[in-house]
Amino acid sequence: MGSCKGCKWWRPDYFFDNLGECEKMTGIRPENEAACEIFEAKIETEFCWCRDCRVTFHASERDLHKGHNFFCGTRVDLDAHEYTSTGD
Amino acid sequence: MRMNTRARGTKTKMGLNFIIGGAQGGGIETAGLLAVKALAMHGLEVFADREYHSNIKGKHSYSHIRASEERIRSIKYPVDLIGALDVETIATHYKDLKPGGVLIHDAALLDKPITKLPPMEKERLERLKAELEKEDIGNTVREFDKWLERNGRIVLPFPFSVIITEKAKLASPMIERAMNTAMTTLLLRAAGMPFATILEAVDALFMEKVEAKELNKAVANAVNDGFNEFSGNRNLGTEIIGKKRSARGKKMLVAGNDAVAIGKLIGGLRLQTYYPITPAADESFVIEQHSSLFDLKGEIVGSPIVIQAEDEISAICMAIGGALTGVRAATCTSGPGFSLMVEGIGWAGMNEVPVVITYYQRGGPSTGLPTRHSQSDLLFAINSGHGEFSRIVLASGSHEEAIDDAIKCMNLAERYQVPVIHLLDKGIANCVTTINPPVFGKIERGKLTEKGAWDYRRFAFDGDPVSPRAFLGDELMWYTGDEHDELGHISEDPENRRKMYEKRMAKREKILKEAPDEDKAVLFGDENFEDLLVTWGVTTGAAVDSLPELQTAGSKTAILQVRMMEPFPVDFVSKFISKANRVISLEANYIGQLAELIGWNTGFRIKNRILKYTGRLITQDEVVKSYMRILGGEEKIVLMGGE
Ligand SMILES: [Zn+2]
Ligand SMILES: [Zn+2]
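Here's what the structure looks like:
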């Protein structure tokens, strides 16, 4: 078995992407933590998160992200609006 | 790049100068605020520039913070320390680090490629790649660090991620804020700040948010333990901050938006209208948070109303309406919003309405650079609107001035019954600095009529261009956008037209005659100067901070900060200009708008111009270097510093 990074439940943080959380558990953990009993290898779904490009891409755009690190989703801090400057 | 490999000690009496950078939305604001709070609590004077992208998520964003035992009003390169929360910060700012300076980043970044930077702008990435290739640096952060160390910088990869997941046992999903607290703690510890002060600042920053506070304290504690372990066997040589200063009277920590809000509240503002726009909206939010004002006995003395209008046309018109009913009314905006307000300002000019427009300049035209600095709307503020009418344009050059001027602008509006534009810039709006608490100035409501006056004429010709004012509902009066007679009724009679026109325009002379010198322009430095730098707005700070260096570099040098832009204090400014051997303008726009304005009014053409229009602040070191270049014979200099 691999590490959390290779699991379909792994959600890397949008900004600090060596950290993240498991869709099935609470708490922040590093991506290289040894996988647990619910580990399932990640698969390319219709929409994937590309860590290298920091975008969510559709299966039809797969060629644009060849060789990149993909995940089944990403996590964002839901309170980010509290401390983010905006520009408009 | 040719880097200076001679590592000098970072010990200096002048204080601390550093950058914390990361991705927009990644909590970088928290890092900057925490650092600034801690430095202020340590008894230091602080000046911090916040540079952020108008794209909300992911783009590079940073705080450039300076602290000193003496007052500082600008930023300066190079810096003593850089805290990089992501690879892009390293790649963007490594050139800003002085020899002997310290770069701190998460050890987890070490194996990341330095050129795989999705949010980085194309042009910048190309420049970086070329640099790496030329110097044969390699492609990972680890290799880049080694190159920096070979060039005399100290690199400290610190296990932030490990601390956050293991030591602080981060259970709640707050990676962003935790990471920023961790970085700030380490930066300040590396700079010699006692840990107790950092904890105090965490307390102050997360005041009511108990969960976030406890978590961030745990993170800070873990970083501090790690730092103590680390510094036990390695000397960073960065003891910059020193002992906590004893109390020197109360200080306030404000952004320019806060400063204007404070001034408006002290000055008796009762109606603020706005449509949200960068970098002005925060001012209205601050006023909104103080919906009740108390006197010293704790009694409510008033409640300002803040209205978010549907657009800026509506905002200016509502403010005008409020002013006509007798309350002190103002609106605030930046360039795009001001463009919409122009028709309303003309109406206020025609109808002699005391309304204040707080105008924060940002990079234009159109939406331009929404979150970036600019001083390119000076001529627009002065000339906006068709026809001719009296107005006042007063430009503040510091946060302290911004408070005083906010009060002053309301007094001036009512005293002369004209629209008053309080001109500021993104630099003042968003930079955070320590100031002395404001002085509660006088509220002057100008000439008012006695209630129940028989035969009230709103625009009475009685020798004074300012007629006694009555509030809507108290007397009978008429307002239209058209030319009018004394009562306010439409009139196209040529004689009335001339008299009414001249009454409105005569206010300009009256304003200039009565304005105190310090509202017109301020001279810094030797009165017997030979070289004179003329400047305005936030740029004044960089000029004033560099004055000691300028004086050793050149001949006798002084700085003239122009404050009243309209009506222009021709005689007062001419007095200084005419005595100078050399006049140099220093401002953040392309044509040298202040230089042009001085030219139109005094007939004196300023040849030497130091200009910047990248959207970044003019820095202290840039003023010094460009002044030297002018002494060397260059006429016009365009500045490019800052990321
Ligand atoms: Zn797992
Ligand atoms: Zn990709």
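Protein sequences, first through last, are from chains A and B. Sequential numbering from 43 applies to the first sequence in my numbering. Sequential numbering from 785 applies to the second sequence in my numbering. Backbone N, C-alpha and C fix where the C-beta goes; we use that ideal spot for every residue, glycine too.
Go through its chain and collect everything with a Cβ distance to residue i's Cβ below 6 angstroms, but skip five positions before and after it.
i                : result
E872 of chain B  : H844, L901, M904
V1408 of chain B : S1330, E1333
K1035 of chain B : T1218
E829 of chain B  : S852, R855, I856, T1218
A819 of chain B  : I849, T968
L1163 of chain B : Q1377
G1147 of chain B : L1153, R1156, S1158, G1399
K795 of chain B  : Note that K795 of chain B scores a pLDDT of 39, beneath 50, so its modelled location is shaky; the value from the coordinates is reported in the next line. Correct list: empty, nothing qualifies.
P1351 of chain B : R1292, I1295, L1296
Considering only residues of the same chain and omitting the five flanking positions on each side of residue i, which have a CB-CB separation below 7 angstroms?
i                : result
R1199 of chain B : E1228, G1230
I1104 of chain B : G1128, W1131, A1132, V1137, V1139
S1076 of chain B : I1084, S1087
V118 of chain A  : Y56
Taking DSSP as the reference, what is the three-state secondary structure of residue i?
i                : result
Q1404 of chain B : helix
S1158 of chain B : coil
G806 of chain B  : strand
P54 of chain A   : strand
N801 of chain B  : strand
L894 of chain B  : coil
M967 of chain B  : helix
C92 of chain A   : strand
T1057 of chain B : strand
T1115 of chain B : strand
S45 of chain A   : strand
F990 of chain B  : coil
I947 of chain B  : helix
C78 of chain A   : coil
T1218 of chain B : strand
S1390 of chain B : Per the sequence shown, residue 1390 of chain B should be read as Ile rather than Ser. In the structure shown, I1390 of chain B sits in coil (DSSP, three-state: anything other than H, G, I, E or B).
E1259 of chain B : strand
I1421 of chain B : strand
Residues of chain A with a CB under 8 angstroms from the CB of residue i: which are they?
i                : result
I948 of chain B  : L61, I70
P1154 of chain B : G129, D130
So which residues of chain B does residue i contact, with C-beta pairs closer than 8 angstroms?
i               : result
C95 of chain A  : P902
F81 of chain A  : Within chain B, no residue comes near F81 of chain A; the closest Cβ sits about 18 angstroms away, beyond 8 angstroms.
D105 of chain A : Chain B residues near D105 of chain A: none, gap ~17 angstroms exceeds 8 angstroms.
F99 of chain A  : Chain B residues near F99 of chain A: none, gap ~12 angstroms exceeds 8 angstroms.
Which word fits residue i, buried or exposed, when buried means at least 16 other C-beta atoms lie within 10 angstroms of its C-beta?
i                : result
R1288 of chain B : buried
N1167 of chain B : exposed
T965 of chain B  : buried
I1274 of chain B : exposed
F89 of chain A   : exposed
R934 of chain B  : exposed
Y1144 of chain B : buried
K1226 of chain B : exposed
D1260 of chain B : Correcting the residue identity first, residue 1260 of chain B is Leu in this sequence and not Asp. It counts as exposed.
Y1374 of chain B : exposed
Q1159 of chain B : buried
S1150 of chain B : exposed
P1222 of chain B : buried
F1224 of chain B : exposed
E1286 of chain B : exposed
P1278 of chain B : exposed
Can you name the residues of chain B whose CB is closer than 7 angstroms to the CB of residue i?
i               : result
F112 of chain A : Neighbours of F112 of chain A on chain B: none; closest Cβ ~13 angstroms, over 7 angstroms.
A122 of chain A : G809, E960
Apart from the five residues just before and just after residue i, which ones in its own chain have a Cβ nearer than 8 angstroms to its Cβ?
i                : result
D85 of chain A   : Inspection of the sequence shows that residue 85 of chain A is occupied by Ile rather than by Asp. If we look at I85 of chain A and ignore the five residues flanking it on each side, its Cβ neighbours are K50, C114.
E1094 of chain B : Y1059
P943 of chain B  : D890, A891, A892, G1010
T789 of chain B  : Note that T789 of chain B scores a pLDDT of 39, beneath 50, so its modelled location is shaky; the value from the coordinates is reported in the next line. Counting only Cβ-Cβ distances below 8 angstroms, and skipping sequence neighbours, we find P883, R934, N935, G936.
L1049 of chain B : I1071, H1074, L1077, P1088
Name, please, each residue of chain A whose Cβ falls closer than 7 angstroms to the Cβ of residue i.
i               : result
A807 of chain B : F57
G813 of chain B : Correcting the residue identity first, residue 813 of chain B is Glu in this sequence and not Gly. Those within 7 angstroms of E813 of chain B in chain A are Y125, T126, S127.
In chain A, what lies closer than 9 angstroms to residue i by C-beta?
i                : result
T1062 of chain B : S127, T128, G129, D130
S1158 of chain B : Those do not exist, as S1158 of chain B stays about 13 angstroms from chain A at its closest Cβ, beyond 9 angstroms.
| request: Could you tell me which uninterrupted alpha helix (DSSP H) segments, each at least 4 residues in length, are contained entirely in the segment 1314–1375 of chain B, listed from first to last along the chain? | output: 1323–1337, 1354–1361
| field | Complete alpha helix (DSSP H) runs within the segment 1161–1208 of chain B (minimum length 4 residues, chain order) | value | 1162–1167, 1183–1200
| field | Pocket of ligand 3 defined by Cβ to heavy atom distance under 6 angstroms | value | Among the ligands present in this structure, namely ligand 1 and ligand 2, ligand 3 is not found.
| request: Counting only runs of 3+ residues fully inside the segment 820–870 of chain B, write out the beta strand (DSSP E) ranges in chain order. | output: 829–835, 844–852, 863–868
| Which runs of the alpha helix (DSSP H) spanning at least 4 residues fall entirely within the segment 1054–1100 of chain B, listed in chain order? | 1065–1072
| task | Could you tell me which uninterrupted alpha helix (DSSP H) segments, each at least 4 residues in length, are contained entirely in the segment 94–120 of chain A, listed from first to last along the chain? | result | none
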